[in-house]
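Below: one structure, written as structure tokens.
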């Protein structure tokens, strides 16, 4: 499968929202906040501090996106905020290609480490394995952070 | 020493900025971000998600402040964002009184845990001891987060 990574464009927004609404891991609250981050990255990445990349296949079909940005008040720490791949294209390396492209952009912008936060719940097992496979290390586990029984797990990768 | 805790008011802003500018632990970047949080809490706490309290002595002198707010996408986690006490009033329980009042407000608003993030650098030893003394537990230590040699330490307190 051909995977092309490029900047996210305003025209991608409907396809992107469709992915968000059809990713069962995302709650309504999370979709709202993801949309704010995405709009910030489309309007003015420099000002908002949010950057987004898109993945498409060789037919120009939008298959996924990633949003990331520098952590305020740090010298070179960056956060990966959102990463989602259209369900029927999962398992073909789209997520890994998006992550790799984001990491390259982060290094070019002077970043040296990336953080990802995710839920410790069973339904996120696949997500957490994905980060481990892509050389992120679990560095913190906050019990009951999101809700009772729903921990926050923090992953870090040293870049470059 | 009498310590009165009350809502932060717009008229406190000059005295508050004076504390920020005269607290050597705060960098210029941090002062900028602290001011955004404080302005949000003065303008519209419900909308901004930022709340602030002030401390004054029996002569009405502004001695310190605390800013806090709910963590987005969580059911009951809150963050303590900023806490500062005017230098000549430090060591008299102003910080502890501000923290206690914030915790009470958090519980009243339905919060059940508070997080505080601070630097692992030697100059923050006093700050970290203060949180431990006030029953915060160190739960995470992120190496080189803020800058080389400057870790982020995360503290948590279960409330109520």
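Residue numbers (our numbering), protein chains in the order written: chain A, 1 to 160; chain B, 1 to 160. Just so it is clear, CB atoms sit at the ideal spot from N, CA and C, and this is done for glycine as well. Bear in mind the structure is a predicted one, so any value in this text is a computation, not a measurement.
Quick check on DSSP: helix, strand or coil for residue i?
{"i": "residue 134 (chain A)", "result": "coil"}
{"i": "residue 142 (chain A)", "result": "strand"}
{"i": "residue 170 (chain B)", "result": "What the structure shows of chain B is the stretch from 1 to 160, and residue 170 (chain B) is not part of that stretch, so it cannot be assessed."}
{"i": "residue 4 (chain A)", "result": "strand"}
{"i": "residue 99 (chain A)", "result": "helix"}
{"i": "residue 85 (chain B)", "result": "strand"}
{"i": "residue 90 (chain B)", "result": "coil"}
{"i": "residue 56 (chain A)", "result": "strand"}
{"i": "residue 72 (chain B)", "result": "coil"}
{"i": "residue 157 (chain B)", "result": "strand"}
{"i": "residue 149 (chain A)", "result": "coil"}
{"i": "residue 77 (chain B)", "result": "strand"}
{"i": "residue 15 (chain B)", "result": "helix"}
{"i": "residue 122 (chain A)", "result": "helix"}
{"i": "residue 109 (chain A)", "result": "coil"}
{"i": "residue 49 (chain B)", "result": "coil"}
Using the beta-carbon of each residue, which ones in chain B are nearer than 9 Å to residue i?
{"i": "residue 29 (chain A)", "result": "72, 73"}
In chain order, what residues of the same chain lie with their CB nearer than 6 Å to the CB of residue i, ignoring the 5 residues before and after it?
{"i": "residue 25 (chain B)", "result": "none"}
{"i": "residue 157 (chain A)", "result": "114, 135, 136"}
{"i": "residue 121 (chain A)", "result": "150"}
{"i": "residue 16 (chain B)", "result": "65"}
{"i": "residue 155 (chain B)", "result": "116, 131, 136, 138"}
By how many angstroms is the C-alpha of residue j removed from the C-alpha of residue i?
{"i": "residue 55 (chain A)", "j": "residue 63 (chain A)", "result": "5 Å"}
{"i": "residue 10 (chain B)", "j": "residue 41 (chain B)", "result": "10 Å"}
{"i": "residue 69 (chain B)", "j": "residue 49 (chain B)", "result": "5 Å"}
{"i": "residue 46 (chain B)", "j": "residue 32 (chain B)", "result": "21 Å"}
{"i": "residue 27 (chain B)", "j": "residue 85 (chain A)", "result": "39 Å"}
{"i": "residue 2 (chain B)", "j": "residue 39 (chain B)", "result": "27 Å"}
{"i": "residue 100 (chain B)", "j": "residue 93 (chain B)", "result": "10 Å"}
{"i": "residue 13 (chain A)", "j": "residue 97 (chain A)", "result": "20 Å"}
{"i": "residue 8 (chain B)", "j": "residue 43 (chain B)", "result": "11 Å"}
{"i": "residue 74 (chain A)", "j": "residue 19 (chain B)", "result": "22 Å"}
{"i": "residue 83 (chain A)", "j": "residue 82 (chain B)", "result": "30 Å"}
{"i": "residue 106 (chain A)", "j": "residue 23 (chain B)", "result": "32 Å"}
{"i": "residue 61 (chain B)", "j": "residue 140 (chain A)", "result": "41 Å"}
{"i": "residue 71 (chain A)", "j": "residue 160 (chain A)", "result": "18 Å"}
{"i": "residue 143 (chain B)", "j": "residue 131 (chain B)", "result": "20 Å"}
{"i": "residue 52 (chain B)", "j": "residue 34 (chain B)", "result": "11 Å"}
{"i": "residue 110 (chain B)", "j": "residue 76 (chain B)", "result": "6 Å"}
{"i": "residue 21 (chain A)", "j": "residue 128 (chain A)", "result": "21 Å"}
{"i": "residue 5 (chain B)", "j": "residue 104 (chain B)", "result": "12 Å"}
{"i": "residue 90 (chain A)", "j": "residue 59 (chain A)", "result": "16 Å"}
Quick one: residues in its chain with C-beta nearer than 7 Å to the C-beta of residue i, no 5 flanking neighbours on either side, listed in chain order?
{"i": "residue 124 (chain B)", "result": "25, 118"}
{"i": "residue 146 (chain B)", "result": "119, 152"}
{"i": "residue 102 (chain B)", "result": "53, 66, 68, 80"}
{"i": "residue 37 (chain A)", "result": "50, 67, 81, 82"}
Near residue i, what residues of its chain come up, given a Cβ to Cβ distance below 8 Å and the 5 sequence neighbours on each side ignored?
{"i": "residue 108 (chain B)", "result": "none"}
Check the Cβ of residue i against every Cβ in chain B and list those closer than 7 Å, keeping chain order.
{"i": "residue 77 (chain A)", "result": "145"}
Using 8 Å as the limit for Cβ to Cβ distance, is residue i near chain D?
{"i": "residue 62 (chain B)", "result": "The structure shown has no chain D; the protein chains it does contain are A and B."}
Exercise. Relative to chain B, which residues along the stretch 135 to 158 of chain A have a C-beta separation below 9 Å, given in chain order?
Worked result: 139, 140, 141, 142, 143, 144, 145, 146, 147, 148, 150, 152, 154, 156, 158
For this session: May I ask you to list, following chain order, the residues of the stretch 13 to 46 of chain A that have a beta carbon less than 8 Å from some beta carbon of chain B?
Result: 27, 29, 30, 33
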